[in-house]
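Structure first, then comments.
Residue numbers (this note's numbering), protein chains in the order written: chain A, -10 to 721; chain B, 305 to 458.
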């Protein structure tokens, strides 16, 4: 607790003043205002106004680098009508009164855009009411600006700080009657706004999960079976206890849920280095279970075998693809494959837990604290009311930290040793115990007519199952593009049983499907002699909204006009087709709709005689609606997403051997580095649609844009990733 | 085993095994948590510190090998003019996303500008490619290095 208070010291407002809380699910019929005591920081407040006018706004969501700790308070501050310079931001703990405390799915913008502005507007209205009562004038004659209520007719004004106590006694407004600002008068939303954490980051202040320090804390490592789900039979754990610095070493019998506590051996020491060094002396006898066929080579052979038969499941069937292939001018068959990937958060998984007297306090760099608390409760048999979860800034998430396995490990180990414990994984732990982006293989057949227009497309998608059902994030929906664009289309799927756990990774499904489909569509464009941009615009056809099929994932549908809009914009900005490129240089297009965002990207790349790839530049065009909330961060997110995709395409892929991940570190799975990173030019197309999220949708188009550029540069079609496994040399 | 190392201008006695990497001495013994652990294999650069002004990977530097060399960490890099310029540029251009790698990036960038006051893109590629940014903020890191270099020559 002490360490956490230290973390917060710099961002705490003076206690007292106005406290505005709201619960969001139906959002805030529940805006309430009350007096904040000196302990206000522990309350579930969004807004606190100190007597000196400083405003403390609570950031409810986990921060993993997406900038949400700034963005959500910007929404509140705008409608509260305060000066951003007067705002201090406080990170919330996990608390049931805050809804949707999750960093995932690029959901924070669409979910919070209206409700959090209403939170701010409700506070503003109460401050106005307080001023109006003070002056004996109608509230409608009062205005606000930068933390002041003004009455123009009499020239009077009062600061929010002076009004806060009186405002707390005003009735809570009905949110339906609140008037939100005209976007033209925004002073915070839409303005490039710097991340307030950067001064702390650049001076090395402790702020990440790995930096948490609790008095009396010990350090732990936890060795699990690298064959996922393997069971512990025996170990030499007694020998480990004698090693330098070791305070405890013990076997853990976990469950069978790969997202929960697993079998393993915990080593707890005075320092992490000692714990990890002692662990190297561990000898464990594992029962690895049935590992037959759990190899990348076997998966590839099985996929080919499956492709020769009918798909196990038909996902969509429109028209008659075989009839259409029969009359097509050109028919292309091609197999596309993308590999398993690790999230590779640069901060390895870690968590600190302190168990005492039946209560648990947890400091977790998690994207998804609520299920973590439930997991800990169920596993340790402690009621959630006795578990406090602090959300600590995470050194990257990318979907990995939607799972909370590290949290339950720390909680369990702390309970066993009866002391605060920080569990920290090595890079190898992190890479070998991930929830992997599932690999996938697509057996495509496509036909174009004599004009080069797409006539028909079939995909037999060979993916993975786990415990008899589709593996997490390994599915494909019936509306996958170009479904609904053409009359004759068939999607089928077959599944290979998989031991390794899979899960969402930044732009889940889309990150692999985008590569496969967008590459094959490029291939078909070239087969019919069409320019890929022209082919895409023709395929999209007239601007129209295609509603989603009913179901849990139904959203606002797919707007072909918005997709075409970003394709046109990126073509224009990149000079597509207007420039004669030198030999060995080419440009490629990728476009994709995911997480409610429409993105088109063009990559310019050069391949030299030795086969070395230079990514010269990336152009990004995105449509995420009518408002870019923080343009400074939006550009950063879009650049990072595009480069994330480029990095995956160039150098990343995992192999399974005997149900274990072969790779363990950055020497074999290659993160993108400075020398490979091209300039990324980002443009947003502002359209009159609700604002949507940006953590993910800029990633999927980058991979096929690169591989399509390589085709344009070399004539070599890239049908599998990563590129480091391809020989693109033209010299003997 | 007792060692006294020079960290950020002050002698710091520590009692650890001689094989203990400098990284863990800094983080867990001396409570200087700005230096980060990313890979443990000199692959990511998150643990970059300066030894006599030269960037090194603290995760691969046993404490017994440090001797009397001057170690500088992110916590003290702002005491130099170049370090201040780098920090100011990082803030001005809003470089970080998650921020986890940035201490290492700043240590490498500071060493670069100290050595090469006007670095070219090639210089930046050579000096910075040992530092992984998983969020891929490379565009802004490059721009911030150039801005800091310009500030240093102004």
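Cβ atoms here follow ideal geometry from the backbone N, Cα and C, with glycine treated the same way.
Note that the structure is predicted; figures quoted are calculated from it, not measured.
For residue i, the three-state DSSP class (helix, strand or coil)
| i | result |
| --- | --- |
| residue 171 of chain A | coil |
| residue 500 of chain A | helix |
| residue 325 of chain B | strand |
| residue 130 of chain A | helix |
| residue 306 of chain B | strand |
| residue 384 of chain A | coil |
| residue 27 of chain A | Residue confidence is low: residue 27 of chain A scores 33 on pLDDT, short of 50, so the model does not pin down where it sits. No coordinate-derived value is stated. |
| residue 425 of chain B | helix |
| residue 480 of chain A | strand |
| residue 430 of chain B | helix |
| residue 404 of chain B | coil |
| residue 363 of chain B | helix |
| residue 123 of chain A | helix |
| residue 404 of chain A | helix |
| residue 375 of chain B | strand |
| residue 678 of chain A | coil |
| residue 581 of chain A | strand |
| residue 520 of chain A | coil |
| residue 352 of chain A | strand |
| residue 373 of chain A | helix |
| residue 201 of chain A | coil |
| residue 16 of chain A | Since pLDDT at residue 16 of chain A reaches only 27, below the 50 mark, its modelled position is unreliable, and the value read off the structure follows with that caveat. Correct three-state label for residue 16 of chain A: coil. |
| residue 275 of chain A | strand |
Paired residues, beta bridge with residue i - DSSP
| i | result |
| --- | --- |
| residue 351 of chain B | In the DSSP output, where bridge partners are listed per residue, residue 351 of chain B has none listed. |
| residue 608 of chain A | A:591 and A:670 |
| residue 340 of chain A | A:412 |
| residue 148 of chain A | A:137 |
| residue 317 of chain B | B:308 |
| residue 729 of chain A | The structure shown does not extend to residue 729 of chain A, since chain A is modelled only from -10 through 721, so no value can be given for it. |
| residue 320 of chain A | A:436 |
| residue 378 of chain A | A:351 |
| residue 258 of chain A | A:208 and A:235 |
Residue closest to residue i, alpha-carbon to alpha-carbon, out of the options
| i | options | result |
| --- | --- | --- |
| residue 191 of chain A | B:332, B:355, B:401 and B:345 | B:401 |
| residue 716 of chain A | A:688, A:684 and A:599 | A:599 |
| residue 268 of chain A | A:498, A:396, A:552 and A:236 | A:236 |
| residue 517 of chain A | A:242, A:321 and A:45 | A:321 |
| residue 407 of chain A | A:551, A:379, A:346 and A:383 | A:346 |
| residue 284 of chain B | B:418, B:399, B:329 and B:322 | Nothing can be reported for residue 284 of chain B, as the shown portion of chain B is limited to 305 through 458. |
| residue 435 of chain A | A:382, A:361, A:515 and A:489 | A:515 |
| residue 589 of chain A | A:596, A:286, A:595 and A:579 | A:579 |
| residue 178 of chain A | A:691, A:623, A:634 and A:631 | A:623 |
| residue 722 of chain A | A:538, A:452, A:281 and A:602 | Residue 722 of chain A lies beyond the stretch modelled for chain A, which goes from -10 to 721, so this question has no answer here. |
| residue 131 of chain A | A:122, A:117, A:125 and A:362 | A:117 |
| residue 448 of chain A | A:80, A:479 and A:429 | A:479 |
| residue 129 of chain A | A:390, A:121 and A:574 | A:121 |
| residue 349 of chain B | B:450, B:445, B:432 and B:376 | B:432 |
| residue 658 of chain A | A:664, A:475, A:641 and A:160 | A:641 |
| residue 569 of chain A | A:609, A:702, A:584 and A:547 | A:702 |
| residue 457 of chain B | B:390, B:383, B:352 and B:347 | B:390 |
| residue 635 of chain A | A:133, A:621, A:403 and A:689 | A:689 |
| residue 165 of chain A | A:108, A:195 and A:652 | A:108 |
Expected contact under 8 Å - CB spacing of residue i and residue j to nearest Å
| i | j | result |
| --- | --- | --- |
| residue 327 of chain A | residue 504 of chain A | 6 Å |
| residue 183 of chain A | residue 454 of chain B | The Cβ separation is near 20 Å, so there is no contact. |
| residue 416 of chain A | residue 344 of chain B | 6 Å |
| residue 213 of chain A | residue 422 of chain A | 6 Å |
| residue 700 of chain A | residue 577 of chain A | 7 Å |
| residue 502 of chain B | residue 664 of chain A | For residue 502 of chain B there is no data in the structure shown, the boundaries of chain B being 305 and 458. |
| residue 637 of chain A | residue 55 of chain A | The pair is not a contact, with the Cβ atoms about 18 Å apart (cut-off 8 Å). |
Under 7 Å (Cβ pairs) to chain B, residues found in the segment 260 to 275 of chain A: Under the 7 Å Cβ criterion, the segment 260 to 275 of chain A contributes 260, 261 and 262.
Short-range partners of chain B found in the segment 169 to 197 of chain A, where Cβ spacing is below 9 Å: Here the close residues are 181, 182, 183, 184, 186, 187, 188, 189, 190, 191, 192, 193, 194, 195, 196 and 197.
Between the segment 362 to 382 of chain A and chain B, which residues of the former have CB atoms less than 7 Å from a CB of the latter, in chain order? none
Closer than 9 Å between beta carbons: that is the criterion. Which residues of the segment 328 to 362 of chain B meet it against chain A? Within the segment 328 to 362 of chain B, those residues whose Cβ lies closer than 9 Å to any Cβ of chain A are, in chain order, 328, 329, 331, 332, 333, 335, 336, 337, 338, 339, 340, 341, 342, 343, 344, 345, 347, 348 and 350.
Near-chain B residues of the segment 321 to 348 of chain A (beta-carbon distance less than 8 Å), N- to C-terminal order: 333, 334, 335, 336 and 337
With 8 Å as the limit, tell me which residues of the segment 400 to 432 of chain B have their beta carbon closer than that to any beta carbon of chain A; keep them in chain order. Along the segment 400 to 432 of chain B, the positions whose C-beta sits under 8 Å from a C-beta of chain A are 400, 401, 402, 403, 404, 405, 406, 407, 410, 428, 429, 430 and 432, read in chain order.
The segment 227 to 243 of chain A: which residues have C-beta closer than 7 Å to a C-beta of chain B, in chain order? 233
Can you pull out the residues from the segment 585 to 618 of chain A whose beta carbon lies closer than 9 Å to at least one beta carbon of chain B? none
Proximal residues, the segment 641 to 663 of chain A versus chain B, C-beta separation under 7 Å: 654, 655, 656, 660, 661, 662 and 663
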